[in-house]
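A.B. asks: Residue numbers (this note's numbering): 1 to 164.
(1) By how many angstroms is the C-alpha of residue 111 removed from the C-alpha of residue 42?
(2) Just the Cα atoms here: how many angstroms apart are residue 29 and residue 57?
(3) Using 8 Å as the threshold, is the C-beta distance between residue 37 and residue 72 below it?
(4) To the nearest angstrom, how far is the alpha carbon of residue 47 from that of residue 115?
(5) Since residue 44 and residue 60 should fall inside the 8 Å C-beta cutoff, what is the C-beta to C-beta distance between them, to a whole number of angstroms?
(6) For a test of the three-state rule: what should DSSP assign to residue 122, helix, strand or coil?
(7) Any contact between the region 123 to 142 and the region 74 to 92? By contact I mean 3 or more CB pairs, one from each, below 8 Å.
(8) How is residue 161 classed by DSSP in three states: helix, strand or coil?
(9) Have a look at the DSSP bridge pairing and note the partners of residue 45.
(10) Within its chain, find whatever has a CB closer than 6 Å to the CB of residue 94; leave out the 5 residues flanking it on each side and keep chain order.
(11) Could you check where the alpha helix (DSSP H) with residue 70 kicks off and where it finishes?
(12) Using three-state DSSP, classify residue 145 as helix, strand or coil.
(13) Below 8 Å on the Cβ atoms is my contact criterion, and I expect residue 32 with residue 84 to pass it. Report the Cβ-Cβ distance as a whole number of Å.
(14) Quick one: what's residue 132 bridged to in DSSP?
(15) Measure from the alpha carbon of residue 150 to the alpha carbon of each residue in 13, 123 and 21, then state which is nearest.
(16) Kindly indicate the opening and closing residues of the alpha helix (DSSP H) around residue 211.
(17) Do residue 24 and residue 162 have their C-beta atoms closer together than 8 Å?
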């Protein structure tokens, strides 16, 4: 198993927020892939490339059977992509405590540690949908941050209004 030291709370850094965003979205994507394909969460893995603002989710099983993933895309391509933007996908199913803290729990985006590249550190649904600042951003504790999905949707809506 990989060991990653827990990040120390402190001043917010862009690189920390970028990593948290990519990591949180990778876990959200993995949960959705598992839900639509029937694959176990433990059979998926992630690679994060913060410098390139990208991520890869892959099947880490010992067989080369990609039938579940290809069937997911063939049968649910548009539904799957729409699911990733639905508000319920970005919320915790365990109740309001996790939602109000902006963090992560096993009911929402925490995955088995053997499948996680960073031992479930630097995860916060707030960076996706908005909410309380992550616990590592100590100076902004108790403040609300805007989430990436909210910012992106607002930009798309504004661009559509300009082009109309």
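C-beta atoms are modelled at their ideal positions from N, C-alpha and C, and glycine is treated no differently.
C.D. replies: Let me lay it out:
(1) 8 Å
(2) 8 Å
(3) yes
(4) Those two C-alpha atoms are separated by around 10 Å.
(5) 7 Å
(6) coil
(7) yes
(8) helix
(9) DSSP output for residue 45 lists 58 as bridge partner(s).
(10) 105 and 107
(11) Here the alpha helix (DSSP H) through residue 70 covers 67 to 85.
(12) Correct three-state label for residue 145: strand.
(13) 6 Å
(14) 144
(15) It is 21.
(16) Since the first residue shown for the chain is 1 and the last is 164, residue 211 is missing from the structure and cannot be characterised.
(17) no
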